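Just so you know, the protein sequences line up as chains A and B, in that order.
full-length UniProt numbering numbers the first residue of the first sequence as 1 and each following residue consecutively.
full-length UniProt numbering numbers the first residue of the second sequence as 1 and each following residue consecutively.
Beneath this line is the structure, given in structure tokens, with notes to follow.
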Amino acid sequence: MTAEIVPDAGTVRRRPAEGTADGLRTPPWLGRRRRRPAISLALRASVPLALLVAWWWGASSGRISPDVLAGPGAVLSALRELASTGQLADYVLASARRVALGVLVGCGAGLVLGAVAGLSALGEELVDLTLQMKRAVPFLALVPLFISWFGVGETFKIALIAVAAFAPMYAYVYLGVRGVDRKVVEAARGFGLRGPRLALSVVLPSALPSVLMALRISLSVSLTGLIAAEQLGATEGIGYLVTLAQQYYRNDYMVLCILIYALLGLLIDLAIRGLERLATPWRGQVTAR
Amino acid sequence: MSRDGHEVAVRVRGLRKAFGAKTVLDGIDLEVRRGEFFALLGPSGTGKTTLLRVLAGLERPDAGTVLTAPRVTTVYQEPRLVVARRVLANVTLGLPRSERDKGSRMLAEVGLGGRERAWPATLSGGEAQRVALARALVRDPQVLLLDEPFAALDALTRLQAQDLVAELCARHRPAVVLVTHDVDEAVRLADRVAVLDDGAFVVDRAIDLPRPRGAASTASDPAVLEHRRELLTRLGVLPASDRVTPPSGRSGLTSDRGVIA
């Protein structure tokens, strides 16, 4: 039984390439397109730069009212004002310390519990359901409870950030560990690796891409936790700056805070990319042969 | 379908491709016609797969012209099925819904009629590879590229799969380019066999044997043995009459069926 053939029917349409008289043509390129790094970098930067230019143009031509969005000049002078008194550095440092401690605690717990749940059936049975329920509780809903437990001091702030950072870490590590190639794990078991040694030398290195992805998300969620934490009982920190701007209705400070957060997000992203390159050198070496 | 018996479907002139300092293809000329089965042999790392990838548009040549007929499909060493889609959806991947019947017919042709709704993970290695073959053939290719499609199959399944490919290629008559390590496979399937070494063809010869070439009958055919002997010698493996055991260092070049004494 021959499937009788209508020319071109059922063919994936390809872009026409230069043809010859006998109907032959150069194979259309199906591989990956690679751009030169300089062009790639320029493309990446182009959209943020265009937004900046639009902002500057809108403000200087008077099309954007300073009450709606402070212009670049006003924001720069606000930045200079804060920097000259040394407040900016203090604020950023205070916030960075809180985030670092909170992320360390939250991500540490998330990593351990995620690995336990992903690695052992017993761990999954004991831990997973509870943590899925916990994950459904927005961490901001815990603010009143945490204040009644810890007061509004540093402990409260770090605990809130830790809780915020915990959830994505747990979820991604659990998925990452579950996604490790079972055949490789079977083989490693056959070579006598068990328990913690199996986890440390086979499973966690293989799940490292997921762990780094989790770290990236945890860090950005922890910035949200930071604002929430620093709105109460803080005298320094970027979140405190947001509160101040709100109280005094200082549009230039509001915009400055947004820019600081954007910059922090960029720095976090760059740091994680660097870490990915160092910690997972085998990626990007995959060839499709 | 004799009308396309002489149609050239692959034309390569002066193809050069280097990876870093290593030139894997150095001035390759190749012409394959519709209905012709061309097999390419060579030790690992000699650029057989690179040549195939250039033909598929997955690798850019550094120099030379590469022309193919417009409809080119590939079967790889692994089935490369989408695990999240059923067998029929894999066969008709990217085709309009109206082609589903054709997909079913093609599945029947590869011996998997009725398995349309199976998931790829439930198939054996040989079955998955037959789905991959159906996926390549349902597009009615003018050029069919086979990149060691039988290498991951067990010896018995491999013989059956070879017979199936020979039968389907004779029926659909694409120009076939097969890359393989297996001399016996090349001799059984191909109209023409070339050996690639150091970036160039060192052998390019026609295999004028009657078809079908059953595994049992060709094993003792003196003409087959002669082809086999010459190709193996060219590949650096001394034939059985010259040494008792196959050399261990390059055992990838001998077939799994061992050396026929």
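Cβ atoms here follow ideal geometry from the backbone N, Cα and C, with glycine treated the same way.
Quantities reported herein were computed from a predicted structural model and do not represent experimental measurements.
According to DSSP, what are the bridge partners of residue i?
i: aspartate 197 (chain B); result: B:Ala200
i: isoleucine 39 (chain A); result: In the DSSP output, where bridge partners are listed per residue, isoleucine 39 (chain A) has none listed.
i: arginine 33 (chain B); result: B:Val8
i: arginine 16 (chain B); result: B:Asp26, B:Ala63
i: leucine 145 (chain B); result: B:Thr74, B:Val177
i: alanine 206 (chain B); result: B:Arg192
Pull up the CB-CB distance for residue i and residue j, whole angstroms please, since I reckon it's below 8 Å.
i: arginine 253 (chain A); j: leucine 241 (chain A); result: The identity of residue 253 (chain A) in the sequence shown is tyrosine, whereas the question assumes arginine. Tyrosine 253 (chain A) to leucine 241 (chain A), Cβ: 6 Å. Contact.
i: isoleucine 161 (chain A); j: glycine 108 (chain A); result: About 13 Å; that fails the 8 Å criterion.
i: leucine 153 (chain B); j: lysine 48 (chain B); result: Contact flag wrong, Cβ pair sits at about 19 Å.
i: glycine 114 (chain A); j: glutamate 59 (chain B); result: So it is not a contact: roughly 40 Å between Cβ atoms.
i: asparagine 90 (chain B); j: proline 120 (chain B); result: 6 Å
i: arginine 234 (chain B); j: valine 203 (chain B); result: 5 Å
i: leucine 55 (chain B); j: leucine 145 (chain B); result: 6 Å
i: phenylalanine 166 (chain A); j: glycine 106 (chain A); result: 4 Å
i: glutamate 148 (chain B); j: histidine 181 (chain B); result: 7 Å
i: glutamate 31 (chain B); j: arginine 11 (chain B); result: 5 Å
i: serine 210 (chain A); j: valine 184 (chain A); result: Contact doesn't hold; Cβ gap of about 15 Å is too wide.
By a C-beta neighbour count over all protein chains shown, 10 Å radius and 16 as the cutoff for buried, is residue i buried or exposed?
i: tyrosine 91 (chain A); result: buried
i: tyrosine 172 (chain A); result: buried
i: isoleucine 39 (chain A); result: exposed
i: serine 65 (chain A); result: exposed
i: phenylalanine 19 (chain B); result: exposed
i: lysine 17 (chain B); result: buried
i: valine 221 (chain A); result: buried
i: aspartate 29 (chain B); result: exposed
i: arginine 3 (chain B); result: Here arginine 3 (chain B) scores only 48 on pLDDT, less than 50, and its place in the model is too uncertain to base an answer on.
i: proline 210 (chain B); result: exposed
i: glutamine 142 (chain B); result: buried
i: phenylalanine 146 (chain A); result: buried
i: glutamate 186 (chain A); result: exposed
i: glycine 249 (chain B); result: Note on glycine 249 (chain B): pLDDT 46, under 50, position unreliable in the model; no value is reported.
i: glycine 57 (chain B); result: buried
i: glutamate 125 (chain A); result: exposed
i: glutamate 226 (chain B); result: exposed
i: aspartate 67 (chain A); result: exposed
i: leucine 159 (chain B); result: buried
i: glutamine 246 (chain A); result: exposed
i: tyrosine 249 (chain A); result: exposed
i: valine 112 (chain A); result: exposed
i: methionine 106 (chain B); result: buried
i: glycine 195 (chain A); result: exposed
Specify, as a first and last residue, the run of the alpha helix (DSSP H) that residue i falls within.
i: alanine 228 (chain A); result: 208-230
i: valine 255 (chain A); result: 251-279
i: leucine 156 (chain B); result: 155-172
i: threonine 20 (chain A); result: Careful: threonine 20 (chain A) lies outside any alpha helix (DSSP H) and carries neither H nor E.
i: aspartate 181 (chain A); result: Careful: aspartate 181 (chain A) lies outside any alpha helix (DSSP H) and carries neither H nor E.
i: arginine 228 (chain B); result: 222-234
i: glutamate 236 (chain A); result: No alpha helix (DSSP H) contains glutamate 236 (chain A), which DSSP labels as neither H nor E.
i: threonine 218 (chain B); result: 215-218
i: alanine 151 (chain B); result: No alpha helix (DSSP H) contains alanine 151 (chain B), which DSSP labels as neither H nor E.
i: glycine 125 (chain B); result: 125-137
i: leucine 198 (chain A); result: 195-198
i: glutamate 109 (chain B); result: 100-109
i: alanine 118 (chain B); result: Where alanine 118 (chain B) is concerned, there is no enclosing alpha helix (DSSP H), given that its DSSP letter is neither H nor E.
i: valine 202 (chain A); result: Where valine 202 (chain A) is concerned, there is no enclosing alpha helix (DSSP H), given that its DSSP letter is neither H nor E.
i: leucine 81 (chain B); result: Neither: leucine 81 (chain B) is in no alpha helix (DSSP H) and is coded neither H nor E.
i: valine 91 (chain B); result: 87-91
Could you give the first and the last residue of the continuous beta strand (DSSP E) run that contains residue i?
i: leucine 178 (chain B); result: 175-179
Is there a C-beta anywhere in chain D that falls below 9 Å from the one on residue i?
i: proline 70 (chain B); result: Note that chain D does not occur in the displayed structure, where the protein chains are A and B.
Any heavy atom of the ligand ADP closer than 8 Å to the Cβ of residue i?
i: phenylalanine 201 (chain B); result: The model depicted lacks the ligand ADP and carries no ligand whatsoever.
What alpha helix (DSSP H) runs, 4 residues minimum, are completely inside the stretch 47-105 of chain A? 72-84
In chain order, each beta strand (DSSP E) run of at least 3 residues that lies wholly inside the stretch 38-79 of chain B: 63-68, 72-75
Whole alpha helix (DSSP H) runs in the stretch 123-173 of chain A with 4 or more residues, listed along the chain? 143-150
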